[in-house]
Amino acid sequence: MQGQSEFPEMDQLLNILQLFPNKLKVELLCEVNSNTNDSYPVHAISLGNASIDKPGVLFVGGVHGVERIGSQVVLSFLASLLNRLDWDTQLQYLLNNCYLGFVPIVNPSGMVMQRRANANGVDLMRNSPSIATDGASFMVGGQRISPHLPWFRGKNGQAMEMENQALVKFAQTNLFPRPFSLVLDCHSGFGHSDRIWFPYANSVSQPIDDLGVVYQLRKAFFSGFPHQNYLFEPQTKHYVCHGDLWDYCYDQSLAYPGTFIPLTLEMGSWRWLKKNPLQLFNSLGLYHPMKPHRVQRVLRRHLILMEFLMDACHSWQSFLNDPQLDLDKKAAIKKWYS
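Numbering-wise (UniProt numbering), the sequence shown opens with residue 1 and increments by one.
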């Protein structure tokens with residue numbers, strides 16, 4: 001195992017597991033090797049009511065190894081919840097009625113190697129069987145030329161990478177059967193603004209079946225918290241890609257009667273570069289705030305969003321039973337797909 005200075009996110013995760021053994025359930029999804037053949041675990045943590053008739057939220061980080069801030073956001077939020085559990089009766093009530101899942105470090109081999117892809121050179125967010133029906137954006141939309149180039153999808157015909165198989169299986173078991181479930185997958189490395197993306201990433205013309213629910217979530221978030229700067233939009237407003245894992249999971253979830261909405265938080269890292277151009281000379285500089293005070297600011301910045309998703313999960317029937325649902329779907333199509 002790497003030392004703390006080389007893999008602080010894993011150290012933080014293992015420390016949380018040691019400090020709160022009676023407040024959470026831990027599952028080892030898989031173990032992966034780095035280029036030095038060191039083995040690293042992919043852990044899933046569960047809180048709250050695991051009964052399958054309750055709604056749930058899954059918080060994910062570290063799909064891309066260089067995007068360490070995503071893992072840090074998830075770990076910071078998890079630690080906050082665990083430290084509040086003894087005294088926060090409102091949180092206790094919510095957890096009696098909701099399930100919370102956390103997979104903070106999906107790609108530990110990529111993280112310890114300081115690369116976007118995993119140890120096999122595969123970009124986990126270009127690796128699912130999902131195909132861009134409208135044509136993928138050049139290179140960034142996924143390529144099969146070489147694992148030595150970015151956005152490698154894996155070889156044609158090969159199964160998904162171990163990390164993806166484990167994450168999909170976890171979602172199938174812990175989210176799909178629920179009446180309502182959400183995902184927030186935390187990323188960085190694109191744009192000046194923080195964005196909340198939703199499927200599909202593989203089509204500019206085909207909206208998801210649950211677009212009306214997505215639009216209602218957006219309305220509720222923006223009206224309840226008007227003083228924030230998120231852009232809420234389909235990913236295809238910027239690029240179209242093959243192999244998006246959440247496109248694949250969403251399509252798989254349609255075989256179940258419940259509603260499954262995966263969201264991606266894309267933290268706008270370019271503004272960090274604008275404030276500190278010298279961090280471009282660091283291998284993580286394009287994806288990470290680097291300066292300690294900026295890291296702390298990012299860890300605070302997204303608490304409102306994550307708390308909102310928990311509250312929305314708890315109040316899920318307000319969205320699915322809203323008589324405006326059909327009208328909201330039409331409004332969403334006009335806004336994003338016309």
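Ideal placement from N, C-alpha and C gives every residue a C-beta, glycine not left out. In this text, all values refer to a predicted model and were calculated from it rather than measured experimentally.
Taking C-beta atoms as the reference points, V295 and Q12 fail to come closer than 8 angstroms.
For the pair D209 and S128, the Cα-to-Cα distance works out to about 20 angstroms.
DSSP places N33 in the strand class (E or B) of the three-state scheme.
In summary, N107 is buried, with 16 or more beta-carbon neighbours lying within 10 Å of its beta-carbon over all protein chains present. Minimum Cα-Cα distance from V32 among the listed residues L58, F59, F221 and N164 corresponds to N164.
Excluding sequence positions up to five before and after I333, its CB lies within less than 8 angstroms of the CB of P207 and L211, all in the same chain and listed in chain order. Collapsing the DSSP output to three states places K155 in coil. Close CB contacts of L95 within its chain, under the 7 angstroms cut and outside five residues either way in sequence, are with L47, G48 and N49 (chain order). The Cβ-Cβ distance between V74 and C186 falls below 8 angstroms. Judged by their CB atoms, T259 and L320 are nearer to each other than the 8 angstroms cut-off. V204 sits in coil when the DSSP states are folded into three classes, being neither helix nor strand. Per DSSP, reduced to three states, the secondary structure at D251 is helical.
Judged by their CB atoms, L124 and V63 are nearer to each other than the 8 angstroms cut-off.
In the three-state DSSP reduction, G258 falls in the coil class, being neither helix nor strand.
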